[in-house]
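These protein sequences, in sequence, are chains A and B. Quick note on numbering: my numbering labels position 159 of the first sequence as 159, and the sequence is numbered without any gaps. Quick note on numbering: my numbering labels position 147 of the second sequence as 1147, and the sequence is numbered without any gaps.
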Amino acid sequence: MLSKSVSTTQETKKKPINIAATLLVLPALVYLIVSTQAPFLMTVYYSFFKWNLTIPDDRPFIGLSNYLSLFTDTQNLHVMLNTLVLMLSVVVLTILIGGGVALLLNRPFLGRPVVRTLFISSFLVMPVVTAVVWKNMLMNPVFGFFAWVSQQLGLPAVDYLSQYPMASIVAMVTWEWTPFAALILLTGLQSMPEEQLEAARLDGCTPLQEFWYMLLPHLSKSLEVVVLLETIFLMQVYGEIYTATSGGPGISTTTIPYFIYQKAFAEYNIGLASAAGVLAVLFTNLVSSVILRMIGRNIQGVKA
Amino acid sequence: MSTLRETTVRQSDNGKKTAAMVQGSLLTVLTYLVLFLFLFPLIWMIAAGFKTEAQAFASPPIFFFTPTLENFSRALETYGPFLKNSILIVGGSTLLAFILGVPAGFAMALYPGARTKSTLLWMLSTKMMPPVGVIVPLFLIFRDAKLLDTHFGLILMFTTINLPLVVWMVHSYISEIPFGIFEAAKVDGASMFQEFFQVAMPLALPGIASTALLCVIFAWNEVFFALNLTSSDASPLSVYISSFKTSEGLFWAQMSAAATLTIAPVMIFGWFAQKQLIRGLTFGAVK
């Protein structure tokens, strides 16, 4: 079935351009160009100007100064560091916890489909809801649930969001993204041929060896996908920070998206906000070019 | 673990089975425990929605209480206009993304040309673009075009978010239909129109339906454009919920009820579309 469709599509490929088909693709293509590429080019353009909306008529061209300030101002460097810290810690934590969950789910037990379905719930929760619930009802130093748990354990209550602001944000975002990692790793685990594991066991392979020499290499592609996609999605984390900490205290939880929001919508510093936007896009493009190549190979497998 | 294994190997078949069963049930219990810990923030929130404000705010926390529906009815009063905005914007953008995306996905699946693959990948790449890369000019354009705080403005933005997904998913569902079916239709003299409505659509319908669910989920939960391009008239639920960000206890029960109402539809949609969820999020990079 598959091979047949491959050969027939190859034949159609040699046909001249189908005008009707092109007309069907065109509206979507034009819409995406107008709504993404055009504004991005404008962002690039703005990034070369010193432009504050409160002084709209004074718009001198300052070349790369905005970029220079991003890389030299210690405050701005701190924002970029925050973004990396958030991204890296969430990626590592979701892979560790999500991997554990995937291993637990990768065996038959009573109610597995239901458990699997329920596990994705935290991923579906609106980021803003996660933030208000964690901030108010769990992490509140006096009335929050975590404070009560600390007291039961004889520990002092902690004001998480002001004492450990970045760790708190990492905890929330990890809670949201663990199901994503778990489900992709579970898919990877389930594609592991059982006979190979059986054979290894017969040869006296210990569970640890089995994990290290067989499961892990087999999972490498799934892990790669988790890392790349999470990097792209986590680069955009905004709702949790806006709602839970507003980037603070100070700038301790300000990441690039929140920084851009502040510069553009609170300080009206269009030039600097644009330069940061350009950097975010360049970084994401770097990561997504790898993932697109992987996807491209997959399309190759089915078509063309 | 390895010593457990070594001893079980030496035991009789029966002993081996019992040991495996014990180990298995322990792992099952562990799985349920992890699931409970994971769902706890949600369980706690939903429970608070059924408490009185005093109960929700009580310390030490109250675990057993007589549930009340009062918060839900009170939340519904303020929640209503935002719900209407969310439904309008999410529905409108899903519809627009489908009008633009379904024909494109169909055409690229059945009539691939030399540039189809690169076009498809380029469209996907726009889905990976961070919103912060376009927000500044879009804000200025919206301001000048009087689109700020309008339903139409957000519909346009959410369409951008979901359009690549629609094209991609529809393309992949229609590509999975055996090509012979389309050839047979063509031999019978079917036009492209008929191929689409009478052959492709019915066969790809389940996939296309779950694509719609994904669009609804992503648009419903989106917050960056919603916060920055609306202020009051057109604000969806995500903006409403974020207004609780500084609630100091007084409104926990009401907030929980509103949050429960806000996430419930998406949660149910997501459970139904879980397979497609992963497919949509990974763009088929994981099979």
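Cβ atoms here follow ideal geometry from the backbone N, Cα and C, with glycine treated the same way. Note that the structure is predicted; figures quoted are calculated from it, not measured.
- The Cβ atoms of residue 1241 of chain B and residue 129 of chain A lie closer than 7 Å to each other.
- In terms of CA proximity to residue 33 of chain A, B/1129 leads the group B/1129, B/1053, B/1183.
- As for any alpha helix (DSSP H) of minimum length 4 sitting wholly inside the region 1187 to 1257 of chain B, the runs are 1201 to 1221, 1224 to 1229, 1237 to 1242, ordered along the chain.
- Listed along chain A, the residues sitting closer than 7 Å to residue 1061 of chain B by beta-carbon distance are 145, 148.
- If you compare the alpha carbons of B/1261, B/1103, B/1172, B/1276 with that of residue 1215 of chain B, the shortest gap goes to B/1276.
- In this chain, the alpha helix (DSSP H) harbouring residue 1086 of chain B covers 1070 to 1110.
- Proximity of chain A to residue 1205 of chain B at the Cβ level (cut-off 7 Å) is not reached, the minimal Cβ distance being about 19 Å.
- Excluding residues up to 5 positions away in sequence, 43, 46, 47 lie with their Cβ nearer than 6 Å to the Cβ of residue 274 of chain A in the same chain.
- A Cβ of chain B is located within less than 7 Å of the beta carbon of residue 292 of chain A.
- Residue 22 of chain A and residue 1103 of chain B have their C-alpha atoms spaced approximately 10 Å apart.
- In the DSSP secondary-structure assignment, residue 269 of chain A is bridged to A/52.
- Beta-bridge annotation (DSSP): residue 61 of chain A is paired with A/49.
- Contacts with chain B at 7 Å (Cβ-Cβ) include residue 18 of chain A.
- For the 7 Å CB-CB criterion, residue 1273 of chain B and residue 1175 of chain B do not form a contact.
- For the pair residue 1187 of chain B and residue 1105 of chain B, the CB atoms are not nearer than the 7 Å cut-off.
- Remark: C-beta atoms of residue 170 of chain A and residue 225 of chain A do not approach each other more closely than 7 Å.
- Under the Cβ distance rule, residue 1014 of chain B does not count among the residues neighbouring chain A, no pair being separated by less than 7 Å.
- When DSSP states are grouped into helix, strand and coil, residue 106 of chain A belongs to the coil group.
- Note on geometry: alpha-carbon atoms of residue 1189 of chain B and residue 1139 of chain B lie some 50 Å from one another.
- Between residue 1049 of chain B and residue 1262 of chain B a beta carbon distance of about 11 Å is seen, past the 8 Å cut, so the two are scored as non-contacting.
- Taking 7 Å as the cut-off, the beta carbon of residue 143 of chain A is found no closer than this to the beta carbon of residue 1028 of chain B.
- In the three-state reduction of the DSSP assignment, residue 37 of chain A falls in the helix class.
- Under a criterion of Cβ atoms nearer than 9 Å, the residues of chain A adjacent to residue 1245 of chain B are, in order, 128, 131, 132, 135, 136, 242, 243, 244, 246.
- Under the criterion of beta carbons closer than 8 Å, residue 1283 of chain B and residue 1168 of chain B qualify as touching, at roughly 6 Å.
- Look at residue 193 of chain A here: in three-state DSSP terms it is coil, with no helix or strand label.
- Going by DSSP, residue 1128 of chain B is part of no alpha helix (DSSP H) at all; its letter is neither H nor E.
- Taking residue 1148 of chain B as the centre and dropping the five residues before and after it, the same chain places the C-beta of 1142, 1229 closer than 7 Å to its C-beta, in chain order.
- Between residue 1163 of chain B and chain A, the shortest Cβ-Cβ separation is below 7 Å.
- Secondary structure at residue 28 of chain A: helix, using DSSP grouped into helix, strand and coil.
- Taken atom to atom, the span from the alpha-carbon of residue 29 of chain A to that of residue 1164 of chain B is near 9 Å.
- Shown here, residue 293 of chain A sits in a helix according to DSSP, grouped into three states.
- The three-state reading of DSSP puts residue 1065 of chain B in coil, since its state is none of H, G, I, E or B.
- Spatial neighbours of residue 1154 of chain B in its own chain (CB-CB distance under 8 Å, excluding positions within 5 residues in sequence) are listed in chain order as 1089, 1093, 1225, 1226, 1229, 1230, 1234, 1236.
- Within the region 185 to 196 of chain A, those residues whose Cβ lies closer than 8 Å to any Cβ of chain B are, in chain order, 187, 188, 191.
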